Amino acid sequence: MKLYHGTNQDIETIDLSRGLRYKDFGKGFYLTPDKTTAIRMAQKKSRLFGGIPTLITYEMDEAAMHSDLKIKIFPAKASVEWFLFIDANRSRENKDAIHDYDIIIGPIADDGVVLQLTNYHEGIYTPEQAAQMLQDKYLDQQYFFGTERSLRFLRKVNVKTV
Numbered sequence: 013m014k015l016y017h018g019t020n021q022d023i024e025t026i027d028l029s030r031g032l033r034y035k036d037f038g039k040g041f042y043l044t045p046d047k048t049t050a051i052r053m054a055q056k057k058s059r060l061f062g063g064i065p066t067l068i069t070y071e072m073d074e075a076a077m078h079s080d081l082k083i084k085i086f087p088a089k090a091s092v093e094w095f096l097f098i099d100a101n102r103s104r105e106n107k108d109a110i111h112d113y114d115i116i117i118g119p120i121a122d123d124g125v126v127l128q129l130t131n132y133h134e135g136i137y138t139p140e141q142a143a144q145m146l147q148d149k150y151l152d153q154q155y156f157f158g159t160e161r162s163l164r165f166l167r168k169v170n171v172k173t174v
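When you read off a place in the sequence shown, starting at 1, and then add 12, the result is the number in the numbering used here.
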């Protein structure tokens, strides 16, 4: 399966220690099966931090899905479990990782999700109500690789500026 990473420079070797802690699924390496989403991310990152918008294509060995890796797959649409998982990972109150998954697959929390997280924290909506409000919204998908073991199943196949 092809997965894409949008960034502002080529990545020779994936270094998990460079990942940011308070992301949707925690500190790790993120990819998407949607090329357009990755290109958009590359352009955004280069606008914010400089560099050249770069699309890196990886091939994920499907054997990962049948290996001894600990994998979590969320539904493609928003769910209460996913909503609360995103909230916990993004919370600055959680100083330690909240999970030990090698790979996580699920929707990307975009600005609309962030708005619902804010509404939840302000007591406007319950997690159930917030997730329900996101049901009709298309959310791009992401693949999180959080351990060195999981990276064995990724192979870089192409790099190009976009």
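Built from N, CA and C at the ideal position, the CB exists for glycine as well. Quick caveat, the model's predicted, so the values are computed rather than measured.
Of the listed residues the options, nearest to residue i (C-alpha basis)
| i | options | result |
| --- | --- | --- |
| lysine 82 | Leu15, Phe37, Thr138, Asp114 | Asp114 |
| methionine 13 | Arg167, Phe37, Tyr42 | Arg167 |
| leucine 151 | Pro45, Arg33, Glu24 | Pro45 |
| isoleucine 26 | Lys172, Arg161, Val174, Thr173 | Arg161 |
| aspartate 122 | Ala100, Glu134, Gln153, Met72 | Gln153 |
| leucine 219 | Thr159, Val126, Thr173, His133 | Outside the shown range of the chain, which is 13 to 174, sits residue 219, and nothing can be said about it. |
| asparagine 106 | Asp22, Arg30, Tyr34 | Tyr34 |
Same chain, Cβ closer than 6 Å to residue i, five either side skipped, listed in chain order
| i | result |
| --- | --- |
| glutamine 55 | Pro65 |
| tyrosine 137 | Asn131 |
| alanine 76 | Phe165 |
| asparagine 170 | Thr69 |
| tyrosine 155 | Leu15, Leu43, Ile117 |
Helix, strand or coil at residue i [DSSP, three-state]
| i | result |
| --- | --- |
| threonine 49 | helix |
| proline 119 | strand |
| leucine 151 | coil |
| isoleucine 98 | helix |
| methionine 13 | coil |
Residue i, buried or exposed, once every other Cβ within 10 Å from all chains shown has been counted against 16
| i | result |
| --- | --- |
| phenylalanine 61 | exposed |
Cβ-Cβ separation, residue j to residue i (assumed contact under 8 Å), whole Å
| i | j | result |
| --- | --- | --- |
| phenylalanine 86 | isoleucine 117 | 7 Å |
| lysine 47 | threonine 19 | That belief does not hold up - the Cβ atoms of lysine 47 and threonine 19 are roughly 14 Å apart, past 8 Å. |
| aspartate 175 | isoleucine 98 | Residue 175 is absent from the model: the chain starts at 13 and stops at 174. |
Beta-carbon contacts of residue i that lie in its chain and below 7 Å, excluding the five residues immediately before and after
| i | result |
| --- | --- |
| phenylalanine 157 | Gly40, Phe41, Ile115, Leu163, Leu166 |
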